[in-house]
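Q: Residues in the sequence shown are numbered from 24 upward in steps of one, following our numbering.
Below is a structure I'd like to ask you about.
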Amino acid sequence: MVFALSAGLGCVFMAAACRSASPDVADAPAATSGPLNASVAKWHDNRTAAVSITYDIPLFPWGEPDVNDYMIEQGLVLGYELVTGSTYWGQPLYSGANDARLVYLFEELVPKGFGYFGHGHDHIDHDLLSYDDALESFRTNYETMKDWGLKPVAYSYPRNAGKDEETQRALEASGFLSGRLQTYETDRFYNIPGDSKAPDDWFALMAVPMQSIEFSTDSFDPCRECVNDNNELEPVLDEALNRTAWVILVYHNIGNPKGFGWYDWGEFQKDIQSVARRDFWTAPMNDITLYAREREKASIKVETFGENKIDDPDRIEITVSDGLDNAIFDQPLTILFDLPADWVGESFTVSQDGEQLDRRGFDAASARVSLEPNERPYVLRR
């Protein structure tokens with residue numbers, strides 16, 4: 024069985040009942056032309072900040088189905104690591120794309136918005152390898168994911184071993200588009216803050232280590248430098264909103280005190296509730312990586328047609344371009360734009376290449392739709 028999981032939708036649109044757009048909060052400047060102002064929102068749906076909740080553990084340990092069910096219940100999503108070869112102990116994790124655990128991930132969870140990311144072909148310390156050996160390892164992980172019908176985008180360094188510049192450059196050369204490390208320096212938790220369009224280094228993204236302080240086993244030492252519970256996480260979330268930044272949370276062994284990096288189940292539930300009630304775009308690392316990379320390169324062209332092109336045009340055409348490979352960079356960008364005066368409160372359709380994609384309506388002069396940056400015009404008609 025082969026799974027083709029790259030996005031196939033031409034657009035994703037937000038309902039008009041969503042929170043009103045606030046261009047002064049989360050806009051990214053973009054080149055525009057035409058009588059209607061337009062820009063790309065910093066984050067999808069013009070959310071204030073972004074968060075990726077990642078589960079660095081093979082599928083599926085004790086308690087994990089409860090984790091997935093709880094995430095779905097709360098309307099949020101997780102991203103799972105994929106070690107395509109062997110673990111610490113040299114044993115293969117999965118038999119291939121037909122492995123029942125992967126089928127569950129790809130067929131049940133991914134359609135609900137869950138994600139995945141590369142985590143090595145073998146779970147090894149790549150900082151101990153030469154550049155060529157690290158590159159070969161990264162490429163094997165990348166190519167195996169492609170062989171399974173996946174689209175490799177984001178990566179997490181096994182054992183947090185991607186600190187060497189040479190290792191990061193090997194990952195970049197392998198085809199992955201971002202690489203993630205954990206940090207214990209709280210000021211480094213916040214990726215792409217403020218007016219930034221990109222991180223300092225796409226292959227040295229920083230993530231927040233989540234780990235309970237209490238252990239019921241002598242196998243692992245407590246991590247006092249980690250974020251240990253919900254009381255410690257909430258200020259991190261609030262600061263991410265203040266900085267309009269992207270935070271990545273890393274969990275291991277949720278609810279399993281005997282596992283490495285375990286995290287208390289009750290505290291995890293509190294964490295998810297804390298995220299859900301804040302203005303975050305919660306998405307896998309793949310989606311956020313693609314969005315930010317597209318946004319950095321995006322330009323928007325807006326044209327109006329008809330006798331009264333200012334207040335009541337017959338149609339509006341919006342073309343979003345980023346100059347990137349559309350087969351890879353297919354994440355919809357949220358476009359904020361002005362509505363003509365006579366269109367406010369009226370319904371309009373959105374189509375591309377003659378196919379109607381949605382019917383919309385806004386009660387305010389500021390509108391937003393999410394469109395793939397595919398260099399072809401989207402047509403809006405009353």
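By construction, the Cβ of each residue, glycine as well, lies at the ideal position given by its N, Cα and C atoms.
Could you give the DSSP three-state label for Arg404: helix, strand or coil?
A: Strand, per DSSP.
Q: Give me the Cα-Cα distance between Ala196 and Leu158, rounded to the nearest whole angstrom.
A: Their Cα atoms are separated by approximately 7 Å.
Q: Once the 5 residues before and after Ala227 are set aside, which same chain residues still bring their CB inside 7 Å of it?
A: Taken in chain order, the residues that qualify are Gln191, Gly202 and Leu204.
Q: Can you tell me whether Tyr314 is helix, strand or coil according to DSSP?
A: Note: Tyr314 maps to helix in three-state DSSP.
Q: List in chain order: all unbroken alpha helix (DSSP H) runs of 4+ residues lying wholly within the stretch 115-187.
A: Entirely contained in the stretch 115-187, the alpha helix (DSSP H) runs reaching 4 residues are, in chain order, 123-126 and 154-170.
Q: Helix, strand or coil for Glu395? Go by DSSP, reduced to three states.
A: Correct three-state label for Glu395: coil.
Q: Mapping DSSP to helix, strand and coil, what is Phe291?
A: Note: Phe291 maps to helix in three-state DSSP.
Q: Hey, is the stretch 384-399 in contact with the stretch 334-352, meaning 3+ C-beta pairs nearer than 8 Å?
A: Contact holds: three or more Cβ-Cβ distances are below 8 Å.
Q: Counting only C-beta atoms, is Thr267 closer than 8 Å to chain B at any point?
A: Looking for chain B here will not work: only one protein chain is present.
Q: Applying the 10 Å Cβ sphere with the 16-neighbour rule, what's the burial state of Val231?
A: Its Cβ being crowded by 16 or more others within 10 Å, Val231 is buried.
Q: So, for Pro175: in the same chain, excluding its five sequence neighbours on each side, which residues have a beta-carbon less than 7 Å away from its beta-carbon?
A: Gly141, Tyr165, Met168, Lys169, Gly198 and Phe199, listed in sequence order.
Q: With three or more beta-carbon pairs closer than 8 Å as the criterion, would you say the stretch 370-389 touches the stretch 300-315?
A: Verdict: no, contact absent.
Q: Give me the residue from Asp79, Leu173, Arg404 and Leu128 with the minimum Cα distance to Glu335.
A: Sequence check: residue 335 is Asp here, not Glu. When each option's Cα is compared against that of Asp335, the closest is Arg404.
Q: If you follow the alpha helix (DSSP H) that Pro258 is part of, which residue opens it and which one closes it?
A: Counting along the chain, the alpha helix (DSSP H) containing Pro258 begins and ends at Asn253 to Asn265.
Q: Is it buried or exposed for Ala299, if we count other Cβ within 10 angstroms and need 16 for buried?
A: It counts as exposed.
Q: Mapping the DSSP letters down to three states, classify Asn91 as helix, strand or coil.
A: Three-state result, Asn91: helix.
Q: I need the boundaries of the beta strand (DSSP E) containing Lys324, first residue and last residue.
A: From DSSP, the beta strand (DSSP E) with Lys324 extends over Ser322 to Phe328.
Q: In chain order, what residues of the same chain have a beta carbon less than 7 Å from the beta carbon of Lys320, not counting five sequence neighbours either side?
A: Only Asp345, Gly346 and Leu347 meet the Cβ criterion.
Q: Leaving out the 5 sequence neighbours to the left and right, which residues in its chain are closer than 7 Å to Pro222 when beta-carbon positions are compared?
A: Result list for Pro222: Asn214, Ile215 and Leu228, in chain order.
Q: Assign Arg247 to one of three DSSP states: helix, strand, or coil.
A: It is coil, neither helix nor strand.
Q: Per DSSP, what kind of secondary structure is Trp366 in: helix, strand or coil?
A: Trp366: helix per DSSP, three-state reduction.
Q: Which residue comes first and which comes last in the beta strand (DSSP E) that contains Gly217?
A: From DSSP, Gly217 is part of no beta strand (DSSP E); its letter is neither H nor E.
Q: Give me the residue from Ala72, Pro58 and Asn60 with the minimum Cα distance to Asn265.
A: It is Ala72.
Q: Output yes or no for whether 8 Å exceeds the beta carbon distance between Val270 and Val392.
A: The answer is no: Cβ separation not under 8 Å.
Q: May I have the straight-line CA-CA distance separating Tyr93 from Glu130, to the nearest angstrom?
A: Whole-angstrom Cα-Cα distance: 18 Å.
Q: Roughly how many whole angstroms lie between the Cα atoms of Leu116 and Val90?
A: Approximately 21 Å between the Cα atoms of the pair.
Q: Count Cβ pairs between the stretch 357-368 and the stretch 382-391 that sit closer than 8 Å; are there 3 or more?
A: Cβ pair count under 8 Å is three or more, so yes.
Q: Assuming Trp269 is part of the beta strand (DSSP E), what are its boundary residues?
A: Trp269 -> beta strand (DSSP E) spans Trp269 to Tyr274.
Q: For Leu204, write down the residues that DSSP places opposite it in a beta bridge.
A: Note: Leu204 sits in a beta bridge opposite Met229.
Q: With contact counted as at least three CB pairs below 8 Å, one residue from each stretch, are the stretch 322-337 and the stretch 135-153 in contact?
A: Short answer: they don't touch.
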